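Note that the sequence shown covers residues 1 to 252 in the UniProt record's numbering.
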Amino acid sequence: MRMIADIMTPTNGAVYYDGKDIRELGEVYRSKFGFLPQDFGYHRDFTVKDYLEYVAALKDIPTRATTQKINHLLDILSLSDVKKKKISNLSGGMKRRVGIAQAMLNDPEILVMDEPTAGLDPGERVRLRNFISEFSHDRIVLISTHIVSDIEYISMRNAIMKAGEIVDVGTTAELVKQIEGKVWNCIIPTSKLPECEMRLRIINQRGEDHNQVSIRYLSEHSEIDGSVTTEPRLEDLYLWLFPQTDLEKEDR
Numbered sequence: 001m002r003m004i005a006d007i008m009t010p011t012n013g014a015v016y017y018d019g020k021d022i023r024e025l026g027e028v029y030r031s032k033f034g035f036l037p038q039d040f041g042y043h044r045d046f047t048v049k050d051y052l053e054y055v056a057a058l059k060d061i062p063t064r065a066t067t068q069k070i071n072h073l074l075d076i077l078s079l080s081d082v083k084k085k086k087i088s089n090l091s092g093g094m095k096r097r098v099g100i101a102q103a104m105l106n107d108p109e110i111l112v113m114d115e116p117t118a119g120l121d122p123g124e125r126v127r128l129r130n131f132i133s134e135f136s137h138d139r140i141v142l143i144s145t146h147i148v149s150d151i152e153y154i155s156m157r158n159a160i161m162k163a164g165e166i167v168d169v170g171t172t173a174e175l176v177k178q179i180e181g182k183v184w185n186c187i188i189p190t191s192k193l194p195e196c197e198m199r200l201r202i203i204n205q206r207g208e209d210h211n212q213v214s215i216r217y218l219s220e221h222s223e224i225d226g227s228v229t230t231e232p233r234l235e236d237l238y239l240w241l242f243p244q245t246d247l248e249k250e251d252r
């Protein structure tokens, strides 16, 4: 992400925009770019409005346009009521929205966001997804996330990375085809759940009436009588490609 944002120099290879190396484009490229890192810096005494005005000045946005742009983003991201509050006193979700606002101040042609929905509640995540979907009609929007459900219905193409390497690229429909017939649903007695958890790759479970539980699991074939295949989702593919043991290794 930092290499794409022209913050870090690649150790190998290059990033191209419109057929040109971004290192050669320099300020021309950066003026078209918006970036939301996982952690963005701010002075602890800045209010939301102060911070956005400061970023607007850094991005050389004309003064007359600054107020209008800031108010528009504050409204869209539901931050108008806290614009005079210090960022340091905001909740994690609100801080994230301030970060999103600063990334979009210059109306970028290229918007790169690292875990944009981290800390947002379900309603905020839906609003952000809808906004990104509308915003991306004539722009490049690149999102890095582990919350697969956030991009499943808005992304045109997905790139799956493992250990720093891209292992697959395609639309959601193209990617999930590889696990068709490998996602199963069934209902079992609650008493059998511990045994099933030991031997199956259960990806979801829900309590049912009469001491039963509905489970969704991944397998090449049916493991329990009465199991039926179900339509795969992008999250299912992620869990298929990244077993829990792999995820634990990545965390370490």
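Idealized CB from N, CA, C, for every residue including glycine. From a predicted model like this one, the values you see are computed outputs, not experimental measurements.
Quick one: Cα of residue i to Cα of residue j, how far?
i	j	result
Gly-34	Glu-220	42 Å
Leu-73	Arg-97	10 Å
Glu-132	Val-141	Residue 132 is actually Ile in this sequence, not Glu. Distance between the alpha carbons of Ile-132 and Val-141 is about 8 Å.
Asn-185	Cys-196	13 Å
Lys-162	Ala-14	20 Å
Glu-208	Ser-214	7 Å
Ile-76	Asp-39	21 Å
Gly-19	Leu-58	27 Å
Glu-176	Ile-143	Residue identity differs from the one stated: residue 176 is Val in this sequence, not Glu. Looking at the two C-alpha atoms, the distance is approximately 19 Å.
Glu-27	Ile-224	59 Å
Ile-166	Asn-158	10 Å
Ala-103	Val-169	26 Å
Alpha helix (DSSP H) containing residue i: first to last residue?
i	result
Lys-69	63 to 76
Asp-236	234 to 241
Arg-30	27 to 30
Thr-47	It is not in any alpha helix (DSSP H) - Thr-47 carries neither H nor E in the DSSP assignment.
Thr-172	172 to 176
Could you check which residue in the options has the C-alpha nearest to that of residue i?
i	options	result
Pro-108	His-210, Glu-223, Ala-5	Ala-5
Asp-138	Tyr-29, Ile-110, Ile-202	Ile-110
Ser-222	Leu-200, Glu-208, Leu-239	Leu-200
Gly-92	Leu-120, Leu-218, Asp-50	Leu-120
Asp-50	Leu-36, Thr-66, Gln-38, Asp-39	Thr-66
Leu-193	Tyr-217, Gly-170, Val-148, Gly-181	Tyr-217
Ser-227	Asp-150, Ile-188, Glu-152	Ile-188
Ile-179	Leu-239, Ile-61, Asp-81, Arg-44	Leu-239
Which residues does DSSP list as the beta-bridge partners of residue i?
i	result
Cys-186	Ile-215
Glu-165	Lys-162
Gly-92	According to DSSP, which records beta bridges pairwise, Gly-92 is partnered with nothing at all.
Lys-86	Thr-47
Can a CB atom of chain E be found closer than 8 Å to the CB of residue i?
i	result
Ile-203	The chain inventory of the structure shown lacks chain E, comprising one protein chain alone.
Does the ligand MG have a heavy atom nearer than 7 Å to the CB of residue i?
i	result
Leu-74	In the structure on display, the ligand MG does not appear, and there are no ligands present to speak of.
From which residue to which residue does the beta strand (DSSP E) around residue i run?
i	result
Arg-201	201 to 208
Leu-36	33 to 36
Beta strand (DSSP E) segments (min. 3 residues) lying fully within the segment 104 to 156: 110 to 114, 140 to 144
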